[in-house]
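Q: Below is a structure I'd like to ask you about.
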Amino acid sequence: MRIAILSPIAWRTPPRQYGPWELVASIIAEGLVKKGYDVTLFATGDSITSGELDAVCPKPYEEDGNIDPKVWESLHISNLMEKADAFDIIHNHYDFLPLTFSRLIKTPMITTIHGFSSERILPVYKKYNATSTYISISNADRHPELHYHSTIHHGIDSNTFQFTEQKEDYLLFYGRIHPDKGTLETIEIAKQAGYRLKIAGHIQDQEYFKRQISPR
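Quick note, the numbering used here runs 232 ahead of the 1-based positions in the sequence shown.
Here is the structure:
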């Protein structure tokens with residue numbers, strides 16, 4: 233089976249540091265290659281994969297201010313869609329933009345919806361609801377107006393984590409600093425439980441961090 237994995241171009245795939253969607257796309261691509269599938273990863277030119285890499289955008293636009301996101305997103309997505317006939321299936325990790333091509337190609341496309349940045353993007357998902365296959369990352373993350381094929385939770389590469397038999401006396405919050413992720417609630421839980429808390433992650437909402445997180 234010939235599989236195309238469409239990854240975002242905000243960060244490298246896999247990311248050097250932050251880049252959650254790119255990380256998931258990489259883990260899936262590498263896992264499929266290990267199972268013997270013919271996988272082509274559509275990502276930035278500096279991306280790393282055991283399969284075949286197809287890239288038109290040389291670097292992540294978050295790391296190079298000269299790369300215009302809209303321009304290179306258009307080139308990146310259209311690059312795959314123009315080659316769609318070469319694949320048996322496309323796995324889209326690029327949010328809603330590739331859906332606008334889904335009725336123009338014959339190759340089936342599944343879309344993992346990693347989250348809703350805003351209710352304003354919902355009209356695109358609703359338009360292609362009947363002709364697209366949506367995967368949710370959790371049951372709680374599903375939108376009531378959309379139909380989903382299944383829920384597949386994000387996996388991890390366990391080899392990247394060091395196992396320690398003896399626990400330490402702190403809790404860890406690891407994720408982007410944003411109200412959606414419950415950073416403030418985690419702080420309150422740690423206080424009530426009497427544990428120290430370590431917070432690590434990308435500050436996505438500066439105002440939230442300044443007013444709600446930093447003072448605590």
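In this text, a Cβ means the ideal position worked out from N, Cα and C, and glycines have one as well.
Is the number of C-beta pairs between the stretch 293-301 and the stretch 317-331 that are closer than 8 Å three or more?
A: With fewer than three CB-CB distances shorter than 8 Å, the stretch 293-301 does not count as touching the stretch 317-331.
Q: Quick check on the burial criterion: 16 or more other C-beta atoms within 10 angstroms. Buried or exposed for E305?
A: buried
Q: Give the straight-line distance between the Cα atoms of D373 and G347, rounded to the nearest whole angstrom.
A: 7 Å
Q: DSSP three-state call for N391: helix, strand or coil?
A: helix
Q: For the 8 Å Cβ check, are there 3 or more pairs between the stretch 357-367 and the stretch 389-406?
A: No, they do not touch.
Q: Below 9 Å between beta carbons: does that hold for P246 and I237?
A: no
Q: Quick one: measure Cβ to Cβ for T272 and E262, integer angstroms, because I've assumed they're closer than 8 Å.
A: Not really, about 13 Å apart at Cβ, beyond 8 Å.
Q: Taking only the alpha-carbon atoms, compute the straight-line gap between W253 and D401 and give it to the nearest angstrom.
A: 31 Å
Q: Short of 6 Å in beta carbon distance, which residues of its chain neighbour R448, apart from the five on each side in sequence? Order them along the chain.
A: I419
Q: If you draw a straight line from the C-alpha of I321 to the C-alpha of T383, how long is it?
A: 19 Å
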